[in-house]
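Numbering (this note's numbering), first residue to last: 10 to 295.
Here a beta-carbon is modelled for each residue, glycine too, at the ideal position from N, C-alpha and C.
Inspection log for the structure reproduced underneath, given as structure tokens.
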């Protein structure tokens, strides 16, 4: 019963994240991007380009149509869960793009590029916190990575390079440059959103009172810990090093407790953005 409830709660959270992220992305696209005729990277940017050049349909509808062959291919090679989540993401993003009629009245092109990139990157980052995606190049990138070992980031760079080369032949340089700036800011915004959720601190502690420190970590902070064999290079003395993983909020509490127990302890902190398993993030299966 508890397992089923956890599964339902996880699915509900995924749906909420995809919906919220798609809404935020659509706001950035409809309130800023289309009013300046910018091109953002990826398949949505391809839909924007098709809309600008033909005047038919809308960016959201173009985006939906461009995704259809990708979903057909992905159905045979990717997990059905991932594809169903992604299909929902594409559908809801298309819906929001169709119903929203916004204009933030940002007239300066550079300001518009910065704001549009930040908002769309935020939306994309929220979607990617789920176990699905908003469709688009994610499906192609995963397939190419799985079967041809082509890095996901490299594929995005290759696709956007080709897209912007085509755009350069059709638009004035200021639009192209603003679009590139916007796409870059969108990528940075997306990375910051993912890092905000994913960032962990790996802490290594060297102390002669490692037993008391481990007990405090487990009992007071409700965290796990691992003992590693260590040996002093100069003295040859064997020691026990404590390793634990925490977050930005807990690391200061941990530091205070460690130095309360042993003022001479060695306290080392490293950043990590991808801790999978054992109570942390679950591995995503595509």
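Self-check item: Buried versus exposed call for residue 219 [16 or more other C-beta atoms within 10 Å across all chains shown]
Solution: Counting from 1 along the chain shown, the entry for residue 219 is found at position 210. When all chains shown are included, residue 219 counts as buried.
Quiz item: In terms of alpha-carbon separation, which member of 261, 135 and 66 lies closest to residue 22?
Solution: For this step, residue 22 is matched to residue 13 along the chain shown. Per the Cα distances, 135.
Quiz item: Mind pulling the alpha helix (DSSP H) runs of 4 or more residues that sit fully within the stretch 56 to 104?
Solution: 68 to 86
Quiz prompt | Any 3 or more C-beta pairs closer than 8 Å across the stretch 248 to 262 and the stretch 175 to 185 | solution = no
Self-check item: Residue closest to residue 91, alpha-carbon to alpha-carbon, out of 46, 147 and 116
Solution: The sequence position of residue 91 within the chain shown is 82, counting from 1. Cα-wise, what sits closest to residue 91 is 147.
Quiz item: What residue range is occupied by the uninterrupted beta strand (DSSP E) comprising residue 248?
Solution: The residue labelled residue 248 in the question sits at position 239 within the chain shown. Residue 248 -> beta strand (DSSP E) spans 247 to 255.
Quiz prompt | Three-pair Cβ contact test at 8 Å for the stretch 69 to 77 versus the stretch 161 to 171 | solution = no
Self-check item: Straight-line Cα distance separating residue 87 from residue 110
Solution: As a first step, residue 110 must be located in the chain shown, where it is residue number 101. As a first step, residue 87 must be located in the chain shown, where it is residue number 78. Spanning the two alpha carbons is a distance of roughly 35 Å.
Quiz item: For residue 213, which beta-bridge partners are listed by DSSP?
Solution: By 1-based counting over the chain shown, the position of residue 213 is 204. According to DSSP, residue 213 bridges with 252 and 277.
Exercise. List the DSSP bridge partners of residue 235.
Key: Walking along the chain shown from the start, residue 235 turns up at place 226. For residue 235, which the question treats as bridged, DSSP gives the partners 252.
Quiz item: Going along the chain, which residues of its own chain have a beta-carbon closer than 7 Å to the beta-carbon of residue 54, five neighbours each way excluded?
Solution: One-based indexing of the chain shown puts residue 54 at position 45. 48 and 172, listed in sequence order.
Practice problem: Leaving out five residues on either side along the sequence, give the residues of the same chain with a beta carbon under 7 Å from the beta carbon of residue 33. | Solution: On the chain shown, position 24 is the one that residue 33 refers to. 128, 131, 132 and 135.
Quiz item: Starting from residue 116 and walking both ways along the alpha helix (DSSP H), at which residues does that stretch end?
Solution: As a working note, residue 116 is residue 107 in the chain shown. Element bounds for residue 116: n/a, residue is neither H nor E.
Practice problem: State the start and end residues of the unbroken alpha helix (DSSP H) segment that holds residue 156. | Solution: Here residue 156 is taken as the residue at index 147 of the chain shown, counted from 1. Run containing residue 156: 146 to 157, per the alpha helix (DSSP H) assignment.
Quiz item: Which partner residues of residue 240 appear in the DSSP bridge assignment?
Solution: Position 231 of the chain shown, counting from 1, holds the residue named residue 240. Looking at the DSSP assignment, residue 240 forms a beta bridge with 247.
Quiz item: Taking the alpha helix (DSSP H) that residue 221 falls in, what are its first and last residues?
Solution: If you number the chain shown from 1, residue 221 lands on position 212. Note, residue 221: alpha helix (DSSP H), 219 to 228.
Quiz item: residue 233: which of 19, 212 and 217 sits nearest, CA to CA?
Solution: The residue given as residue 233 occupies position 224 in the chain shown. Nearest option by C-alpha distance: 212.
Quiz prompt | 8 Å Cβ cutoff met for residue 120 and residue 27 | solution = Looking up residue 120 in the chain shown gives position 111. Looking up residue 27 in the chain shown gives position 18. Cβ distance not < 8 Å, so residue 120 and residue 27 don't count as in contact.
Exercise. Could you check the C-alpha separation between residue 259 and residue 16 for me, to the nearest Å?
Key: What you label residue 259 is simply residue 250 of the chain shown in a count that begins at 1. What you label residue 16 is simply residue 7 of the chain shown in a count that begins at 1. Each residue's Cα considered, the two are about 28 Å apart.
Self-check item: Alpha-carbon to alpha-carbon, residue 67 and residue 57
Solution: Here residue 57 refers to the residue found at position 48 of the chain shown. Here residue 67 refers to the residue found at position 58 of the chain shown. Roughly 8 Å between the two C-alpha positions.
Quiz prompt | Closest residue to residue 102 among 125, 37, 264 and 273 (Cα-Cα distance) | solution = For the purposes of this step, residue 102 is identified with residue 93 of the chain shown, where counting begins at 1. Of the candidates 125, 37, 264 and 273, the one whose C-alpha sits nearest the C-alpha of residue 102 is 37.
Self-check item: Nearest neighbour of residue 62, chosen from 78, 79, 43 and 51 [CA to CA]
Solution: Mapped onto the chain shown, residue 62 falls at position 53. Considering only alpha carbons, the answer is 43.
Quiz item: Can you list, in chain order, the residues of its chain whose CB lies under 7 Å from that of residue 196, leaving out five sequence neighbours each side?
Solution: The residue labelled residue 196 in the question sits at position 187 within the chain shown. These residues qualify, in order along the chain: 130.
Exercise. Report the rounded CA-to-CA distance for residue 143 versus residue 104, giving the unit in angstroms.
Key: Start at 1 with the first residue of the chain shown, and residue 143 comes out as number 134. Start at 1 with the first residue of the chain shown, and residue 104 comes out as number 95. Approximately 12 Å, taken between the alpha carbons.
Practice problem: Check each candidate in 45, 240 and 268 and name the one with the smallest Cα separation from residue 112. | Solution: Walking along the chain shown from the start, residue 112 turns up at place 103. Residue 112 has its Cα closest to that of 45, out of 45, 240 and 268.
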